[in-house]
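Number of protein chains: 2
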Amino acid sequence: MAQVKNNYQFEDMLQKHNLKKTAPRLRVLSMMYSKNTATSQPDLESVMNDIDRVTLYRILNTFEEKGIIHKVFDLNGTANYAVCHSDCKENHHHDEHLHFNCTACKNVYCINELNMPRLTLPAGFEPQAFTLYASGLCPKCSKKGAARVN
Amino acid sequence: MAQVKNNYQFEDMLQKHNLKKTAPRLRVLSMMYSKNTATSQPDLESVMNDIDRVTLYRILNTFEEKGIIHKVFDLNGTANYAVCHSDCKENHHHDEHLHFNCTACKNVYCINELNMPRLTLPAGFEPQAFTLYASGLCPKCSKKGAARVN
DNA sequence: AATACAAATGCAACATTATTGTATTTAGAA
DNA sequence: TTCTAAATACAATAATGTTGCATTTGTATT
Ligand SMILES: [Mn+2]
Ligand SMILES: [Mn+2]
Ligand SMILES: [Zn+2]
Ligand SMILES: [Zn+2]
């Protein structure tokens, strides 16, 4: 599931976005592309504990601005970050897909293969974007039974 | 729009939920019922600045547990609280409605008059609840034109 | 009306998440 | 190799949320 990319490709990505190739950035990219779920800020911070917290925040903000990753708040309000698979451009995201929050393993999945329902709102409301969340059991956790944690 | 309730009714509400009638609780109820939008935690805290922050958190948690209010994270991850209009019971909410986040005035509206679309997810995912957000302009702000803030 | 006690509040301390400013380091261009 | 803008590291501070405990208070009971 996880997008497979090597270090050269990550370097290319940075170059294309006019970002310097630095070790912290490459590590963040590598980590996020190695997973098929979003990465929570706490996770990121504990895994990359040798990188300064502020640097992490700035890397994440930069990547988000550049359209490399998008931020998702899970159902507890925790910030999660996931790679963009849509053709997101600088300051112009197209990540209107469903986010699935597993109640057992807490992972957040981007469900790209599902188009958002366009809804009609009450008069006066002018919606510009929709965000849809679902919570429940992810494939791994539903297999193992509701009791156990992934 | 805002639900009109007087102090006696708030006292009744507390009593029905086996909660003591205290000034902080009544003030929180009064504030939340006077609006037709959700109340952000920062707002609540600045308006009720004479009530201890911890007390506010505890009141909000209690009300949420009792099914009086529900928590909504807006698109910035800020906690907002709104009164429940569905028949929410203790530890059993039914607030599966759309939340509209106005990009101009930042208000969060509960759109109860709209039923959630039941979606089919990829194999393996077992959704238990859906949460739908929309962002854009609310009626007030769309009238005034996109530039101006409410 | 006074008593008694559980519940609620207030206060202090602490934890986590996030932001801002600035000095130092470094990637990449010249 | 040198130079510089960009990026990182470090320090300080803000915002948000939690925990423990002493004090106060609502309400049931006498
Ligand atoms: Mn996503
Ligand atoms: Mn709501
Ligand atoms: Zn799971
Ligand atoms: Zn508005």
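As you go down the protein sequences, you meet chains B and E in turn. Position 113 of the first sequence, counted from 1, bears residue number 113 in UniProt numbering, the numbering being contiguous throughout. Position 63 of the second sequence, counted from 1, bears residue number 63 in UniProt numbering, the numbering being contiguous throughout. Glycine included, C-beta positions come from ideal geometry on N, C-alpha and C.
Per-residue burial, residue i [other beta carbons within 10 Å of its own, 16 or more giving buried]
i, result
"G67(E)", "buried"
"L124(B)", "The sequence given here places Gly at residue 124(B); Leu does not occur at that position. Exposed, since its Cβ has fewer than 16 Cβ neighbours within 10 Å."
"T39(E)", "buried"
"V149(E)", "Bear in mind that a pLDDT of 48 at V149(E), under 50, signals an unreliable position, so the number given afterwards is only what the model happens to contain. So V149(E) ends up on the exposed side."
"V83(B)", "buried"
"T37(E)", "buried"
"D95(E)", "buried"
"T131(B)", "buried"
"Y8(B)", "exposed"
"H97(B)", "buried"
"A146(B)", "For A146(B), the predicted model reports a pLDDT of 48, less than 50, meaning its position is unreliable; a value from the coordinates is still stated below. The residue is exposed, with fewer than 16 neighbouring Cβ atoms inside 10 Å."
CB contact check: residue i to chain E, cutoff 8 angstroms
i, result
"Q128(B)", "yes"
"I111(B)", "yes"
"F10(B)", "no"
"Q15(B)", "no"
CB of residue i within 8 angstroms of CB of residue j, strictly
i, j, result
"C105(E)", "K140(E)", "yes"
"N101(E)", "Y57(E)", "no"
"T55(E)", "L19(E)", "no"
"residue 201(E)", "I69(E)", "The structure shown does not extend to residue 201(E), since chain E is modelled only from 1 to 150, so the question has no answer here."
"E45(B)", "L26(B)", "no"
"L114(B)", "L119(E)", "yes"
"L108(B)", "D74(B)", "First, the residue type needs correcting, since residue 108(B) is Val and not Leu in the sequence shown. Result yes, Cβ atoms of V108(B) and D74(B) sit closer than 8 angstroms."
"A79(E)", "K71(E)", "yes"
"L60(E)", "T103(E)", "no"
"P117(B)", "I111(E)", "no"
"N91(E)", "E126(E)", "no"
Chain B within 8 angstroms of residue i, Cβ atoms only
i, result
"T131(E)", "yes"
Contact test: residue i Cβ vs ligand 6 heavy atom, cutoff 7 angstroms
i, result
"N101(B)", "Ligands present in the displayed structure are limited to ligand 1, ligand 2, ligand 3 and ligand 4, and ligand 6 is not among them."
- Task: Name, going along the chain, the residues of the region 133 to 145 of chain E whose beta-carbon falls closer than 9 angstroms to a beta-carbon of chain B.
- Result: Y133, A134, S135, G136, L137, C138, P139, K140, C141, S142 and K143
Whose beta carbon lies closer than 6 angstroms to any heavy atom of ligand 2, going through the chain in order? H70(E), V72(E), A82(E), D95(E), H97(E), H99(E) and C110(E)
Exercise. Residues of the region 114 to 125 of chain B with a CB closer than 7 angstroms to any CB of chain E: list them in chain order, please.
Key: L114, P117, L119, L121, P122, G124 and F125
Identify each residue in the region 79 to 96 of chain B for which the Cβ-Cβ distance to at least one residue of chain E is less than 8 angstroms, and report them in chain order.
-> A79
key: Within 8 angstroms of chain B by C-beta, residues of the region 45 to 76 of chain E in sequence order   = F73 and L75
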